[in-house]
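Q: Residue numbers (UniProt numbering), protein chains in the order written: chain W, 1 to 285; chain V, 1 to 513.
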Ligand code: SF4
Ligand code: SF4
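1) Helix, strand or coil for residue 194(V), going by three-state DSSP, please let me know.
2) My output table needs one value for residue 194(W): the three-state DSSP class, helix, strand or coil.
3) Return the first residue and the last residue of the alpha helix (DSSP H) that residue 138(W) is part of.
4) Between residue 195(V) and chain W, is there a C-beta pair that is closer than 9 Å?
5) List, in order along the chain, the chain V residues whose C-beta lies closer than 8 Å to that of residue 21(W)?
6) Could you compute how far the alpha carbon of residue 169(W) sits from the alpha carbon of residue 76(V)?
7) Note down, in chain order, every chain V residue with its Cβ under 7 Å from the Cβ of residue 16(W).
8) What are the boundary residues of the beta strand (DSSP E) that residue 70(W) is part of?
9) Indicate whether residue 145(W) and residue 97(W) have their beta-carbon atoms separated by less than 9 Å.
10) Please list, in chain order, all residues of the same chain as residue 250(W) whose beta carbon is under 7 Å from its beta carbon, the five residues on each side excluded.
11) So with Cβ pairs under 9 Å, would you call residue 335(V) a contact of chain W?
12) Helix, strand or coil for residue 274(W)? Go by DSSP, reduced to three states.
13) Please say whether residue 149(W) and residue 122(W) have beta carbons closer to each other than 9 Å?
14) Please classify residue 239(V): does DSSP put it in a helix, a strand, or coil?
15) Is it the case that the Cβ atoms of residue 94(V) and residue 136(V) are separated by a distance below 9 Å?
16) Taking 6 Å as the limit between beta carbons, can you name the residues of its chain near residue 440(V), skipping five residues before and five after?
17) Quick one: residues in its chain with C-beta nearer than 6 Å to the C-beta of residue 418(V), no 5 flanking neighbours on either side, listed in chain order?
18) Does residue 488(V) pass the burial test, meaning 16 or more other C-beta atoms within 10 Å, or should it be called exposed?
19) Between residue 114(W) and chain V, is the shortest Cβ-Cβ distance under 9 Å, so that the two count as touching?
20) At a CB distance below 7 Å, what residues from the segment 107 to 136 of chain W approach chain V? Give them in sequence order.
21) Looking only at its own chain, which residues have a Cβ that is under 7 Å from the Cβ of residue 130(V), when we skip the five neighbours before and after it?
22) Could you name the residues of chain W that residue 443(V) contacts, counting a contact when the two beta carbons are closer than 8 Å?
23) Find the residues of chain V that neighbour residue 13(W), judging by a C-beta separation of less than 8 Å, and give them in chain order.
24) Give the DSSP bridge partners of residue 85(W), in chain order.
25) Compare the C-alpha of residue 5(V) against each of 340(V), 29(V), 354(V), 91(V) and name the closest.
26) Which residues does DSSP list as the beta-bridge partners of residue 53(V)?
27) At 4 residues or longer, and completely inside the segment 132 to 196 of chain V: list those alpha helix (DSSP H) runs for me, N to C.
28) Just the Cα atoms here: how many angstroms apart are residue 284(W) and residue 212(W)?
29) Once the 5 residues before and after residue 184(V) are set aside, which same chain residues still bring their CB inside 6 Å of it?
30) Mind listing, in chain order, the continuous beta strand (DSSP E) runs of no fewer than 3 residues lying wholly within the segment 196 to 244 of chain W?
31) Determine the direct distance from the alpha carbon of residue 26(W) to that of residue 10(W), and round the result to whole angstroms.
32) Report yes or no: do the segment 32 to 51 of chain V and the segment 292 to 311 of chain V share at least 3 C-beta pairs separated by less than 8 Å?
33) So, at 6 Å on beta carbons, what are the nonlocal neighbours of residue 19(W) in its own chain, with the 5 sequence-adjacent residues on each side left out?
34) Counting only beta-carbon atoms, is residue 440(V) nearer than 9 Å to chain W?
35) Here's a check: name, in chain order, each residue in its chain whose Cβ is nearer than 7 Å to the Cβ of residue 259(V), leaving out the five neighbours to either side.
36) With contact counted as at least three CB pairs below 8 Å, one residue from each stretch, are the segment 40 to 58 of chain W and the segment 77 to 87 of chain W in contact?
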């Protein structure tokens, strides 16, 4: 069988904010939503080797071989100015790497003694369900890695068969709900949310939904109706599911979305109170 | 004589010292009238140039530097000298220890070791409720802080999970006292994750306990051991006569020649000189002062000469490596470059060999050899990094940091520490620290100490001060985390002068007058 590969936009070897314990986080390239407040918009798209970034790079640190579909990056001359990321018309990046399951396993082995587990994130990691399945099976079959916990951080926007592919190997899922009404969801992410709502109920039913997170975007997802519907949804989930309210942060978002307002602490408290009145206690991050 | 008179007057009239502190300094001045134990002229010069540093132990040692009484034995037998019968319940046990503590000599004037406090008190718990134990321990802990006001006073807990250890951690979080310093002995097989988590949460609040790798440390001792003062591990029922440290920066500065002659000449020459100083001081204490014949602890078997040894310490490895590398045409720093790290390891291995090949008298606890100790620095160290640490602000990421230092931890039967800094976000995820501690111990680390960037407690060299005790703490935020944490910064001396006067750190102040 041909070895599967995935596009990896980054690896953090020690994260204390992506699940319980010290975790290694693997970020996958490409997403099937396009959220206004995305902090890593260069992980949304895939590169088409258009060379725009190479031309724009002020230090000529990039060279692109269109035919071989290869990008060369000179780490010595690169000043990490991020111009390449800003000019990319595809919301992509010249930096992500194609990696095999074995490549990732050796990265994990290097630090296995220091971590509780791994978290895979994106982009949208479930777009790589087949690759994940192989990665997870390799972990579970590896004498030195099998005890690691595996968490998936996903936007939920995939069909049930993809969840089925990985479900048995995974300790839990952390899913975002961006809005309840499909229209508002479309405004925020560019896409409707039917699949996401289905995914939330499916994972809840399977007992694998660990965390459901709502990112609060003032004037978008804070109408009375939104709050009521989200509350109803969350109340139907198992009490084991951690329900979290996240403050939308403007740090790192694309210039064209600069009009968004970052909620103040008071606004956060106010919206938290409205959920409370509706009968739901949320944790704030 | 005129000089002595002036020094005495200076102490007597110094408004920054309380009565007891004055007495301690007066004693130091009186001791300095005696000739230094006989060593070569060259060693005397090295001492006065601070190439070899005796940490202000004084010129006429009349008590061992670190004493670790066998408190367990004392509780069982009672102490005639103090007219104390063996205690029969919890209150009596606490009372017994409180009295005994105030009679244990040490270099600082206060007992540096309070014992494995949970192991000592557990037999007396009886049918006391959790609440009652907590209340009694609270009073005990307050007594310790108020009556043994010295940052080097150190208690141990663990490795087993128990009600006393837990109560102490709770009290630590509540009282936020500087004294006593605290170490949890951690053993994967004996210590519950729950207790380790409690300890980690306590570090978040008060920057202690330190976490010691119990299995690894215990293997270095014939009997029980204790962690005392600044990360020193020593035998119970004994201790260390003296701690003399070699300034590796200064010997590399003075070294003329290439790398190989450093190993063949300079390093052995100064190591042997340091060992000479150690030997002379021990002989003075044992043969001239006859400490072990006259002190009640020794007479009653609470300490035994055969459980003593001495400590060979060093500091400034980083500067030493960097200079040797530079002179060798490779300007790569220790902590960030593999070759530099290898050179560091080589120096440590070589020193360990030299220390182990010298047979010393009165060091039976370690089969006639000194304990090898990576000294965590004192605040007069301006240019030298503590022990074998990577200089503050130059530490690589946590895994590389651990992988750099862990391989040499096994050498230090006398103790070593490295300090890791965590961002405050880790407070929400204490399990992450558990993971890192366990990983570090698996890699062979002996002791794990960490700080949070926003801690109320600030670690200076090895001991702690409370941020709120620092009166005119300049440029908060910018100095903090870099200069302030530096064990070798001039500013530290200033910071230290401004700590609450009630609590001492005599290593520095002893030489001031
Ligand atoms: S990263 Fe973006 S700009 Fe650069 S070649 Fe790929 S698609 Fe074009
Ligand atoms: S970060 Fe800046 S310097 Fe580096 S490759 Fe991108 S555009 Fe060039």
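Think of the CB as a built atom: it goes at the ideal place given N, C-alpha and C, for glycine as much as any other residue.
A: Walking through what the data contain:
1) DSSP places residue 194(V) in helix when its eight states are reduced to three.
2) helix
3) 129 to 140
4) no
5) Under the 8 Å cutoff, chain V gives 429, 431, 432, 434, 435.
6) 56 Å
7) Residues of chain V passing the Cβ test: 425, 426, 429, 432.
8) 70 to 73
9) no
10) 260, 262
11) Contact of residue 335(V) with chain W is not assigned, every C-beta pair being separated by 9 Å or more.
12) helix
13) no
14) strand
15) yes
16) 402, 448
17) Taken in chain order, the residues that qualify are 389, 405.
18) Bear in mind that a pLDDT of 32 at residue 488(V), under 50, signals an unreliable position, so the number given afterwards is only what the model happens to contain. By the neighbour-count rule (16 or more Cβ atoms within 10 Å), residue 488(V) is buried.
19) True, the Cβ-Cβ gap to chain V drops below 9 Å.
20) 111, 113, 114, 115, 116
21) 163
22) Ordered by position in chain W, the residues that pass the 8 Å Cβ test against residue 443(V) are 113.
23) 397, 399
24) Paired residues: none, contrary to the question.
25) 29(V)
26) 245(V)
27) Listed in chain order, the complete alpha helix (DSSP H) runs (minimum 4 residues) inside the segment 132 to 196 of chain V are 163 to 175.
28) 12 Å
29) 157, 158, 199, 209, 211
30) Runs of the beta strand (DSSP E) inside the segment 196 to 244 of chain W: 209 to 216.
31) 6 Å
32) no
33) 119, 151
34) With 9 Å as the cut-off, residue 440(V) counts as an interface residue toward chain W.
35) 324, 328
36) The segment 40 to 58 of chain W and the segment 77 to 87 of chain W touch, with no fewer than 3 CB-CB distances between them shorter than 8 Å.
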